[in-house]
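Asker:
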Amino acid sequence: APQQRPITFFFSPG
Amino acid sequence: MLEFRLVQGSLLKKVMEAIKDLVTDANFECSSTGFSLQAMDSSHVALVALLLRSEGFEHYRCDRNLSMGMNLNNMSKMLKCAGNDDIITIKADDGGDIVTFMFESPSQDKISDFEMKLMDISSEQLGIPESEYQSIVRMPAAEFQRICKDLSSIGDTVIISVTKEGVKFSTRGDIGSANIVCRQNTSVDKPEEATVIEMKEPVSLTFALRYMNSFTKATPLSNSVSLSMSSDLPLVVEYKIADMGYLRFYLAPKIED
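Protein sequences, first through last, are from chains A and B.
Heads up, the first sequence is in the working numbering, so the first residue is 44 and it goes up one at a time.
Heads up, the second sequence is in the working numbering, so the first residue is 17 and it goes up one at a time.
1. Compare the C-beta of L150 (chain B) with all C-beta atoms of chain A and state if any pair is closer than 8 Å.
2. Look up V153 (chain B) in the DSSP assignment and say whether it is helix, strand or coil.
3. Which residues, in order along the stretch 127–147 of chain B, keep a beta-carbon less than 9 Å from a beta-carbon of chain A?
4. Taking all protein chains shown into account, do 16 or more other C-beta atoms lie within 10 angstroms of the C-beta of V174 (chain B), making it buried, or fewer, making it exposed?
5. When you compare the stretch 123–141 of chain B with the stretch 183–200 of chain B, are there three or more beta-carbon pairs, one atom per stretch, that lie closer than 8 Å?
6. Comparing C-alpha positions only, which one of B:S58, B:D57, B:R69 sits nearest to L28 (chain B)?
7. For R21 (chain B), collect the residues of the same chain with a Cβ closer than 7 Å to its Cβ; drop the 5 residues on either side in sequence, then sort them by chain order.
8. In angstroms with no decimal places, state the Cα-to-Cα distance between G143 (chain B) and S123 (chain B).
9. Please determine, among B:K180, B:L249, B:L251, the residue with the shortest C-alpha to C-alpha distance to E217 (chain B).
10. List the endpoints of the continuous alpha helix (DSSP H) containing S230 (chain B).
11. Tell me the rounded alpha-carbon separation between L18 (chain B) and M32 (chain B).
12. I believe A158 (chain B) touches R48 (chain A) by the beta-carbon criterion, under 8 Å. Please report the beta-carbon distance rounded to the nearest angstrom.
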């Protein structure tokens with residue numbers, strides 16, 4: 044099954 | 017100091033109801049541009065971004081940029097004490113540790129002051145790059161809410177697929193499966209009742225319905241909602257706040273390893 048990614052996987056701090 | 021006066025105070029009440037279950041504590045950023053917030057949910061899967069532009073307020077004074085840390089549940093408790101027709105004014109002093117919410121009834125015969133303690137919140141601001149999305153669907157917000165609610169009684173995840181045929185919402189669970197297809201429909205009396213599909217490329221992404229259902233608590237803010245999607249990027253669910261700005265929810269997709 045597809046795994047949930049955290050939003051920080053896509054957007055980085057800054 | 018800062019002082020914002022919002023004639024349509026119910027907007028702020030609706031914003032709080034839309035986000036208080038997703039985000040516990042958040043820093044509200046106040047600047048000459050407006051009143052904004054960016055916060056992740058506790059699982060760091062979804063992100064909320066709110067913007068209320070200064071032009072949308074009847075009176076907006078912000079002498080210097082100020083970050084106000086608030087517990088959203090407590091803020092919601094206070095704003096629930098405002099009537100739906102009340103004018104809401106938010107006031108705070110630079111460097112102070114309280115924020116004041118003032119509620120005025122439309123006929124000015126009842127004026128209430130609520131003071132709330134501010135908090136120190138260390139929150140990480142994420143950079144959200146401007147993206148050209150492969151597909152953008154705009155549809156009635158109530159319809160989107162209905163679809164998310166209906167599908168969550170069958171499964172835990174939704175696959176949203178956009179093709180030139182329309183947008184398909186699919187789920188699967190122990191009791192069976194469901195597919196709901198919405199076709200483009202612009203032949204309606206009011207523009208907010210239209211379903212508009214802007215597809216540059218077909219896209220298909222999987223999301224947790226629990227979050228989608230939470231986002232639809234923003235339905236009272238806007239007649240229509242837009243879903244912006246690209247492969248391997250978070251979904252953007254946007255509710256426009258008339259004349260003022262937006263409430264956006266970003267949701268990370270589920271991806272095959």
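Backbone N, C-alpha and C define an ideal beta-carbon position, used for all residues, glycine too.
Answerer: Taking the definition as stated:
1. Residue numbering aside, residue 150 (chain B) sits at position 134 when the second sequence is read from its first letter. This sequence places Gln at residue 150 (chain B); Leu is not what is there. No, no contact with chain A.
2. Position 137 of the second sequence holds residue 153 (chain B). The answer is strand: DSSP assigns V153 (chain B) an E or B state.
3. E140, Q141, L142, G143, I144, P145
4. One-based indexing of the second sequence puts residue 174 (chain B) at position 158. Buried, because 16 or more other Cβ atoms sit within 10 Å of the Cβ of V174 (chain B).
5. Flag = no, the stretch 123–141 of chain B and the stretch 183–200 of chain B do not touch.
6. Start at 1 with the first residue of the second sequence, and residue 28 (chain B) comes out as number 12. The shortest Cα separation from L28 (chain B) among B:S58, B:D57, B:R69 belongs to B:R69.
7. Residue 21 (chain B) sits at position 5 when you count from the first residue of the second sequence. These residues qualify, in order along the chain: F73, E74, H75, I103, T105.
8. Your numbering for residue 143 (chain B) matches position 127 in the second sequence. Your numbering for residue 123 (chain B) matches position 107 in the second sequence. Roughly 44 Å between the two C-alpha positions.
9. Indexing the second sequence from 1 puts residue 217 (chain B) at position 201. Cα-wise, what sits closest to E217 (chain B) is B:K180.
10. Position 214 of the second sequence, counted from the start, is the residue given in the question as residue 230 (chain B). 225–231 is the span of the alpha helix (DSSP H), which, as asked, contains S230 (chain B).
11. Here residue 18 (chain B) corresponds to residue number 2 of the second sequence, with the count starting at 1. Here residue 32 (chain B) corresponds to residue number 16 of the second sequence, with the count starting at 1. Distance between the alpha carbons of L18 (chain B) and M32 (chain B): 20 Å.
12. What you label residue 158 (chain B) is simply residue 142 of the second sequence in a count that begins at 1. What you label residue 48 (chain A) is simply residue 5 of the first sequence in a count that begins at 1. Rounded, the Cβ-Cβ distance is 30 Å, inconsistent with contact.
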